[in-house]
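With the numbering used here applied, the sequence shown covers 3 to 214.
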Amino acid sequence: MEIIGLFGGTFNPIHNGHIALAQSVVDALHCSQIRFIPAAIPPHKAIPAVTAQHRANMVQLAIADHPGFILDTCELDRQGASYTIETLHLLRHRLPDLSLCLIMGQDSYQKLPSWHRWQELLDYSHLLIVHRAAAEATLQLHAPHADKLVDIAQAASQFAAQTHGLVSYLPLTPPDVSSTHIRAALGQGDTVIEAMPEKVLYYIKENHLYQS
Ligand code: ATP
Numbered sequence: 003m004e005i006i007g008l009f010g011g012t013f014n015p016i017h018n019g020h021i022a023l024a025q026s027v028v029d030a031l032h033c034s035q036i037r038f039i040p041a042a043i044p045p046h047k048a049i050p051a052v053t054a055q056h057r058a059n060m061v062q063l064a065i066a067d068h069p070g071f072i073l074d075t076c077e078l079d080r081q082g083a084s085y086t087i088e089t090l091h092l093l094r095h096r097l098p099d100l101s102l103c104l105i106m107g108q109d110s111y112q113k114l115p116s117w118h119r120w121q122e123l124l125d126y127s128h129l130l131i132v133h134r135a136a137a138e139a140t141l142q143l144h145a146p147h148a149d150k151l152v153d154i155a156q157a158a159s160q161f162a163a164q165t166h167g168l169v170s171y172l173p174l175t176p177p178d179v180s181s182t183h184i185r186a187a188l189g190q191g192d193t194v195i196e197a198m199p200e201k202v203l204y205y206i207k208e209n210h211l212y213q214s
């Protein structure tokens, strides 16, 4: 069965850490597609000053040269907080016979118990957690996931064999970049050329985003 990676985030703005993470997931799971899903209203962060449409436009620019990376705007079309469980419910309905894999950085996973209906996520998709530079060296799994863990070496075949329900951990570390750091640097007029695709940087300048 094909595996579709689902990569949600605020992407405020998208950066090279996101792109490297998605590429390492493709390499590990042999996903046919990674869908980048910008949150309209992230439930756990301050409402971004930059609109969801701008953030989605930047994602589109950043992924344009990567075959298999796709922008999915399903959260932009909904009202209220962008709950991942509702996105999974919708995508499972649209793609009933495919293996879906929710992708998140280890920092997000550590905060998972504060997510709306987090214990239901595995009813709709698999979960792949990717190490992040600032996170602890070893992954602390939340209790309901302990008996769902498969080694990353077996994840491609096991995730492809069933539509949802498994967890794996990719210990590779994407570049130590964060949107918070980029916003702060841009606000001070600092250069962030190494942190993000050039086309995104150009878009930010053209549209006067992240200026203090
Ligand atoms: P902010 O600094 O504003 O909190 P961010 O850089 O964490 O933003 P998000 O769009 O919130 O970016 O991240 C989306 C997902 O990508 C999250 O699951 C996050 O853990 C993961 N992620 C982002 N950057 C990295 C990175 N450099 N390494 C590993 N995971 C990352």
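Beta carbons are placed, not taken as given, at the ideal position from N, Cα and C, and that holds for glycine.
Among the residues of its own chain, which have a CB less than 6 Å from the CB of residue i, if the five just before and after it don't count?
i           : result
residue 36  : 7, 9, 24 and 71
residue 129 : 104 and 169
residue 100 : 4 and 6
residue 162 : 3, 5 and 101
Between the beta-carbon of residue i and the beta-carbon of residue j, is there less than 8 Å?
i           : j           : result
residue 15  : residue 132 : no
residue 62  : residue 73  : yes
residue 135 : residue 175 : yes
residue 184 : residue 170 : no
residue 102 : residue 20  : no
residue 160 : residue 152 : yes
residue 172 : residue 26  : yes
residue 212 : residue 189 : yes
residue 112 : residue 137 : yes
Could you check if residue i is buried or exposed, using at least 16 other CB atoms within 10 Å of its CB as the buried criterion?
i           : result
residue 69  : exposed
residue 195 : exposed
residue 145 : exposed
residue 11  : buried
residue 108 : buried
residue 50  : buried
residue 41  : buried
residue 66  : exposed
residue 127 : buried
Enumerate in chain order the residues of its own chain whose CB-to-CB distance from residue i is below 7 Å, with the five nearest sequence positions on each side excluded.
i           : result
residue 83  : 43 and 45
residue 205 : 59, 60 and 63
residue 17  : 179, 181, 184, 197 and 198
residue 114 : 120 and 144
residue 141 : 108, 131 and 171
Kindly indicate which three-state DSSP category residue i falls into: helix, strand or coil?
i           : result
residue 213 : coil
residue 133 : coil
residue 37  : strand
residue 13  : coil
residue 32  : coil
residue 107 : strand
residue 73  : strand
residue 7   : strand
residue 127 : coil
residue 159 : helix
residue 84  : coil
residue 179 : coil
Write down the C-beta distance between residue i and residue j rounded to the nearest angstrom, noting that I regard them as a contact closer than 8 Å.
i           : j           : result
residue 177 : residue 30  : About 17 Å; that fails the 8 Å criterion.
residue 87  : residue 118 : 6 Å
residue 186 : residue 32  : Actually they do not touch by this definition, with Cβ atoms about 37 Å apart.
Going along the chain, which residues of its own chain have a beta-carbon closer than 8 Å to the beta-carbon of residue i, five neighbours each way excluded?
i          : result
residue 76 : 39, 89, 92 and 93
residue 28 : 7, 36 and 70
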